[in-house]
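A short write-up of the structure that comes next.
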């Protein structure tokens, strides 16, 4: 019984911290790594982050569509975010994560990413010139004081992208 109480206390503490982070900085961002690229998502668009769970493959789909995940009884389509962009496939290991992005938008979608990098504050980043060749969901770019380029992922626009939604071969 003590463990249940501790888990509930931990969840309540975590919820308070996340709420506090949102209140302290409305510009709070979640940093992720996908392949060699660094990405930012608005906290409001970034859903739950979970360790990689077993995936069920789906035949006749594009190589970047890695399968279906059963997460607490709900099915999520899982796209390898790096492979979707035409880059190397994400290794499925202990540091890989599933980022549930579509729930807020009425779509059970998850991105397979290399690893989570934690919270970032937009005030610590420098806006850079947009990439004219980047898709509309990834045209905003920031730089940090360590020389890294961070691309801003617009989840709503990604989920509206016909290329992303067309998984069949």
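In the UniProt record's numbering, the protein residues as written are 1 to 169.
We put the CB at the ideal spot given by N, CA and C, even for glycine.
Remember, it's a predicted structure, so these values are computed and weren't measured experimentally.
Determine which residues share a DSSP beta bridge with residue i and list them.
{"i": "residue 151", "result": "39 and 141"}
{"i": "residue 74", "result": "71"}
{"i": "residue 55", "result": "69"}
{"i": "residue 29", "result": "42 and 120"}
{"i": "residue 89", "result": "According to DSSP, which records beta bridges pairwise, residue 89 is partnered with nothing at all."}
So residue i is in the beta strand (DSSP E); what residue range does that whole segment cover?
{"i": "residue 185", "result": "Nothing about residue 185 can be read from this structure; the chain reaches only from 1 to 169."}
{"i": "residue 69", "result": "65-71"}
{"i": "residue 120", "result": "115-121"}
{"i": "residue 170", "result": "Because the chain in this structure spans residues 1 to 169, residue 170 falls outside the shown range and cannot be described."}
{"i": "residue 61", "result": "Residue 61 -> no beta strand (DSSP E), and no H or E assigned at all."}
{"i": "residue 127", "result": "126-128"}
CA-CA distance, residue i and residue j?
{"i": "residue 136", "j": "residue 157", "result": "7 Å"}
{"i": "residue 77", "j": "residue 36", "result": "23 Å"}
{"i": "residue 70", "j": "residue 120", "result": "29 Å"}
{"i": "residue 129", "j": "residue 9", "result": "44 Å"}
{"i": "residue 104", "j": "residue 81", "result": "19 Å"}
{"i": "residue 165", "j": "residue 139", "result": "19 Å"}
{"i": "residue 151", "j": "residue 99", "result": "16 Å"}
{"i": "residue 59", "j": "residue 79", "result": "14 Å"}
{"i": "residue 96", "j": "residue 161", "result": "24 Å"}
{"i": "residue 86", "j": "residue 111", "result": "15 Å"}
{"i": "residue 106", "j": "residue 153", "result": "18 Å"}
{"i": "residue 7", "j": "residue 34", "result": "30 Å"}
{"i": "residue 75", "j": "residue 108", "result": "7 Å"}
{"i": "residue 149", "j": "residue 73", "result": "37 Å"}
{"i": "residue 163", "j": "residue 134", "result": "14 Å"}
{"i": "residue 29", "j": "residue 122", "result": "7 Å"}
{"i": "residue 55", "j": "residue 84", "result": "17 Å"}
Can you name, in chain order, every residue of its own chain whose Cβ lies under 6 Å from the Cβ of residue i, other than the five neighbours on each side?
{"i": "residue 125", "result": "142 and 144"}
{"i": "residue 167", "result": "61, 62 and 65"}
{"i": "residue 47", "result": "100, 101 and 103"}
{"i": "residue 45", "result": "155"}
{"i": "residue 113", "result": "32, 34, 81, 97 and 99"}
Let's see if you can read the secondary structure: which residues bound the alpha helix (DSSP H) around residue i?
{"i": "residue 83", "result": "81-84"}
Taking 7 Å as the limit between beta carbons, can you name the residues of its chain near residue i, skipping five residues before and five after?
{"i": "residue 57", "result": "67"}
{"i": "residue 1", "result": "In this predicted model, residue 1 has a pLDDT of only 45, less than 50, meaning its place in the structure is not dependable; the value taken from the coordinates is given anyway. Contacts found: none."}
{"i": "residue 92", "result": "52"}
Between residue i and the ligand HEM, is the CB less than 7 Å from at least one heavy atom?
{"i": "residue 168", "result": "Within the structure as shown, the ligand HEM is missing, as the structure has no ligands at all."}
In its own chain, which residues sit with a C-beta less than 8 Å from the C-beta of residue i, not counting the 5 before and 5 after it?
{"i": "residue 23", "result": "Reliability of the predicted coordinates at residue 23 is poor, the pLDDT of 47 falling under 50, and the value obtained from them is presented with this limitation in mind. Same-chain partners within the cutoff: there are none."}
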